[in-house]
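A.B. asks:
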Amino acid sequence: MFRGQSTISVDPKGRLAVPTRFRDALAALPSQDLVLTLNPWDRALWVYPVAEWQTIETKLAALSDFDRQSRRTKQIMRGYAADCSCDGQGRVLLPAELREIAGITKQVTVLGQGNKIEIWDQATWQSEREQWLRDVADGVDTSSAALESLSL
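In structure tokens, the structure reads:
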């Protein structure tokens with residue numbers, strides 16, 4: 269299980285040092301192979317252990333190609349999926365195109381999300397987080413029943 273938050277730097281080559289707590293969780297898995305993809309709803313990246321990704325693939329296959337949002341979700345998540353793993357120093361290479369789309373520059377916020385790790389540009393995360401907190405304080409309904417049932 270991945271949980272917690274860290275702020276770290278991406279090096280000039282686009283490598284991210286995976287926080288120790290997440291590396292420890294990965295080390296406990298049968299495979300340290302990962303799948304990196306775009307979050308289809310936010311400007312962020314998702315990193316799944318390969319076994320979790322196989323579950324996501326099953327859920328994506330069940331989505332209708334006749335529903336626009338479902339089709340777009342499949343296109344984004346599968347189309348930008350990249351196999352990766354930690355190198356000997358515990359770093360993961362974030363492909364340039366994915367960094368560009370997610371707006372990732374130097375500082376990132378890494379969030380544990382249970383079955384996956386989420387990577388945000390730090391400034392984008394801070395802005396989104398503040399907006400979400402304002403929405404909650406204002407009583408804005410931010411839920412979506414359709415998305416909640418998907419549990420990606």
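According to the numbering used here, the stretch in the sequence shown is residues 269 to 420, in order. C-beta: ideal position from N, C-alpha, C; glycine also. Quick caveat, the model's predicted, so the values are computed rather than measured.
1. Relative to the C-alpha of S274, which residue among A370, W393 and Y348 is closest?
2. Just tell me which of S353, W314 and E325 has its CA closest to the CA of I369.
3. In chain order, what residues of the same chain have a beta carbon less than 8 Å from the beta carbon of R339, not counting five sequence neighbours either side?
4. Quick one: residues in its chain with C-beta nearer than 7 Å to the C-beta of K374, no 5 flanking neighbours on either side, listed in chain order?
5. Let me make sure I understand the geometry here. Which of P308, L379, L306 and S395 has the alpha-carbon closest to that of F290?
6. List the endpoints of the continuous beta strand (DSSP E) containing I276.
7. Bridge partners of G380, per DSSP?
C.D. replies: Looking at the atomic coordinates:
1. Taking only the C-alpha atoms, the option nearest S274 is W393.
2. Nearest of S353, W314 and E325 to I369, Cα basis: W314.
3. So the list reads L331, S332 and D333, once near-sequence residues are dropped.
4. Taken in chain order, the residues that qualify are S277 and V278.
5. Nearest C-alpha to F290: L379.
6. Here the beta strand (DSSP E) through I276 covers F270 to S277.
7. Paired residues: G272 and I385.
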